[in-house]
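The listed protein sequences correspond, in order, to chains D and H. For the first sequence, the numbering used here begins at 488 and goes up steadily by one. For the second sequence, the numbering used here begins at 46 and goes up steadily by one. Each residue gets a CB set at the ideal place from its N, CA and C atoms; glycine is no exception. First the structure, in the form of structure tokens, and then the observations on it.
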Amino acid sequence: MSVELVAYGCFFLTMALTYAIMCLGLNVQWGQTGLFNVGVAGFVAVGAYVSALLTTPETAGRIGGFGLPMVAGWLGGALAAALISFLIGALTIRLRADYLAIATFGVAVTVQLCALNLVSVTGGPFGIGFIPRPFADVADDPLLFGLGNLGVLAAVVLVLYLALERLVRSPWGRVLRAIREDEAAARALGKNALWFRLQAFAIGGGIMGLAGAVQAHFIGFIAPDNYLPRLTFQVWAMLIVGGSGNNRGAILGAILVWGLWAASAGAISALFPPDQQARAAALQIVMIGVGLCAILLLRPRGILGEERIVSRHLGRLARAGRTTSEETSRAGNP
Amino acid sequence: MTPQVLMDGLVTGSMIGLGAIGVTLTYSILRFANFAHGEFVSWGAYFALAVAGALGAVSGALTAPIAPFSFGWALPVAALVSVALSGGLALLVDALLFGRLRDRRSTVIILVMASFGAALTLRSLLEFIFTSKPAYYTKALQIALPLGGGLRATPDQLLTLGVAAVLVLAVHLLLTRTAIGRSMRAVSENPQLAGVTGIDVRRVIRTVWLLGAGLAAVAGIFAGLLVQIRPQMGLDLLLPLFAAAILGGIGSVPGAMLAGLVVGLAEAVAVPLVGGEWRAAVAFVVLVLVLLFRPQGLFGRAG
């Protein structure tokens, strides 16, 4: 019993961490740079499909199946998604902010169409199966298998987290924030706003592609239905709940929202008769939609919120400034 | 290219155009891309379905088809009710969500995100109430009439074209010849200045929602009449709506209608060439081309 419980815990956390990667990618685009991507599902799908094509063994009736090692698939998936992000960014970032949103929405629709209709590449509505899974040789032992996968995912998230934290605090990350907060000022300092935005958008898209690839290899099977607008929405909810602009918030939000999602799915399958399940699943999406709107209204900064100051040099000054201002405010209060 | 392609394109295009007018008005006056606009299309179709169903249950005579058309008097009556209800729904969403975000001066992107949340909520709610099974206003089949020159159209299709033309003309006159229309254009130019000169900005915003959602409902009802009614119908139309609004030039009503026809025709021309399953990608291609070559649209101003 307890073994099963631990195995389920591992499965749950591993799934949540795949979403955490998507959240980290979205955080680079939205949290750090203020670029709105409504097509998260599309970029995730590109990563998943490219990785699946690169790593699956050769199959009759389907192009692809190169049987490459898994790491090659992950990198390929990430690069493909980054490339598409770069192209769509190059097209729209110079225009009005919400044109980017509309264009990314179009990407998601088109990727979904390709997944459904390019049957000879993507397997059509039935998707691609037999994607190699990490630790597949110990799949008989659920505990070992679960722990192994969780370990891999935790390592990926940790490396990504450390890299992104470093990036945010680097001069590059500070320029991104400067552009987001006051583009005119940043440009006056000689920063090419368009180019920085484009880089951030491509990096974020690449991370989403990586997330798709990693998730595909964990589940071992992908189909177009995994990448509906609902996915985009879940990832947004995760980032907003956790606190956009904060990488730890992105990871926390992913685990929390995925937990709520899994719990409500469990409640629905327990409460509703089998013939009403599809209906009840719609109610689940209503709930998360209302939740997202409520957070936007009530607590737009999320649970953790953004760290206002990321520069080490400024941080010291600000800490000093805060203590003095706290003292003055304390002094001001009777 | 056969003339029939032209007919199909015009019919689809007129529905896209009606929806795009709402997108272009919210975009220019409320200043955000409303991802929930497609849901007014589907809610409009379902409102009409529910009301027409209720009317039909009261009196069977109301469902007997009117001469050349496939539907009875229940549907036009239900359509009017549906336009009002859809307008009410838009005002409700604005009061609950967009209005509050506007009051606290949220950025455009927060509004866009909220509209995305509202869209998913509204769509899933429809799926919950009506299930995702397709529904129809009428089971009657229509024979396409020859119009000469190899052109054929059903009476329902001709009605769609006629109603769309009348509505576009009416909205255009409303915007150019009436006081509220002038106020709307003033707010779209500069909301602060318009407020200072004594224009009731709240009234303008209400008008935008009523007009946009009402036209979307009409588009939804015709789409339901000519194709079918599904909770996803608004989502499927969303990309064509945006493509048309941007191609027409944000803020231009005749532009939105004309661009809607262009997108509809592009779909009709492309479908026989690449297959019906790629229909949704056509709008994306149009969108990319517009953004590449003329991001301000046909009737928009540069910058």
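Proximity below 9 Å, CB of residue i to CB of residue j
| i | j | result |
| --- | --- | --- |
| V157 of chain H | V525 of chain D | yes |
| E793 of chain D | P629 of chain D | no |
| F77 of chain H | V153 of chain H | yes |
| G554 of chain D | T542 of chain D | yes |
| A209 of chain H | M60 of chain H | yes |
| V594 of chain D | F530 of chain D | yes |
| L663 of chain D | Q519 of chain D | yes |
| A781 of chain D | G699 of chain D | no |
| P121 of chain H | Q273 of chain H | no |
| L303 of chain H | L260 of chain H | no |
| V213 of chain H | P299 of chain H | yes |
| F708 of chain D | T505 of chain D | no |
Below-9 Å beta-carbon distance, residue i vs any chain D residue
| i | result |
| --- | --- |
| P110 of chain H | no |
| R147 of chain H | no |
| F92 of chain H | no |
| M66 of chain H | Just to set this straight, residue 66 of chain H is Ile in the shown sequence, not Met. Chain D contact via Cβ: absent. |
| S59 of chain H | no |
| S27 of chain H | Outside the modelled stretch of chain H, which goes from 46 to 348, sits residue 27 of chain H, for which no answer is possible. |
| T166 of chain H | yes |
| A124 of chain H | no |
| F77 of chain H | yes |
| A95 of chain H | no |
Cβ neighbour criterion (16 or more within 10 Å) applied to residue i
| i | result |
| --- | --- |
| I188 of chain H | exposed |
| L256 of chain H | buried |
| A258 of chain H | buried |
| G369 of chain H | Outside the shown range of chain H, which is 46 to 348, sits residue 369 of chain H, and nothing can be said about it. |
| E668 of chain D | exposed |
| W682 of chain D | exposed |
| R684 of chain D | buried |
| E312 of chain H | buried |
| S731 of chain D | buried |
| R673 of chain D | Arg is not the amino acid found at residue 673 of chain D; the sequence shown has Ala there. It counts as buried. |
| R150 of chain H | exposed |
| F617 of chain D | exposed |
| R822 of chain D | As displayed, chain D neither begins before 488 nor continues past 821, which places residue 822 of chain D out of reach and without an answer. |
| R222 of chain H | exposed |
| R275 of chain H | buried |
| D762 of chain D | exposed |
| T579 of chain D | buried |
| T166 of chain H | buried |
C-alpha gap between residue i and residue j, whole angstroms
| i | j | result |
| --- | --- | --- |
| G692 of chain D | L63 of chain H | 34 Å |
| L94 of chain H | I225 of chain H | 32 Å |
| P191 of chain H | A198 of chain H | 7 Å |
| D130 of chain H | V728 of chain D | The sequence shown places Leu at residue 130 of chain H, rather than the Asp named in the question. Spanning the two alpha carbons is a distance of roughly 33 Å. |
| V777 of chain D | V744 of chain D | 13 Å |
| I738 of chain D | L282 of chain H | 34 Å |
| I775 of chain D | A749 of chain D | 12 Å |
| V314 of chain H | G305 of chain H | 14 Å |
| T57 of chain H | A767 of chain D | 33 Å |
| T183 of chain H | F116 of chain H | 6 Å |
| P619 of chain D | P340 of chain H | 44 Å |
| L647 of chain D | I508 of chain D | 8 Å |
| L791 of chain D | A565 of chain D | 28 Å |
| I615 of chain D | A539 of chain D | 7 Å |
| Y400 of chain H | A641 of chain D | A question about residue 400 of chain H goes unanswered here, because the residues of chain H that appear run from 46 up to 348. |
| S572 of chain D | A689 of chain D | 5 Å |
| W118 of chain H | A102 of chain H | 13 Å |
| A650 of chain D | R656 of chain D | 10 Å |
Minimum Cβ-Cβ distance from residue i to chain H less than 9 Å
| i | result |
| --- | --- |
| Q519 of chain D | no |
| F437 of chain D | Limits of chain D in this structure are 488 at one end and 821 at the other, which puts residue 437 of chain D out of reach. |
| D628 of chain D | no |
| R684 of chain D | no |
| L578 of chain D | yes |
| Q771 of chain D | yes |
| W723 of chain D | yes |
| I571 of chain D | no |
| G732 of chain D | no |
| R766 of chain D | yes |
| I666 of chain D | no |
Check: residue i C-beta below 8 Å from any heavy atom of the ligand PLP
| i | result |
| --- | --- |
| L758 of chain D | Ligands in the displayed structure: none, and consequently the ligand PLP is not present. |
Handout entry: Residues of the stretch 170-190 of chain H with Cβ closer than 9 Å to any Cβ of chain D, in chain order
Key = L170, L171, E172, F173, I174, T176 and S177
Problem - Contact residues within the stretch 501-513 of chain D, judged by C-beta distance below 8 Å to chain H - result: none
Problem - Against chain D: residues of the stretch 313-330 of chain H by CB proximity under 7 Å - result: E322, W323, A325, A326 and F329
Exercise for the section: Using a Cβ-Cβ cut-off of less than 9 Å, give me the residues of the stretch 581-604 of chain D that come near chain H, in sequence order. Expected result: R581, L582, R583, A584, D585, Y586, A588, I589, A590, F592, G593, V594, V596, T597, Q599, L600, C601, L603 and N604
Practice task
Pull out every residue of the stretch 612-636 of chain D whose Cβ sits closer than 8 Å to any Cβ of chain H, in chain order.
Solution key: Going along the stretch 612-636 of chain D in chain order, one finds no residue with a Cβ nearer than 8 Å to chain H.
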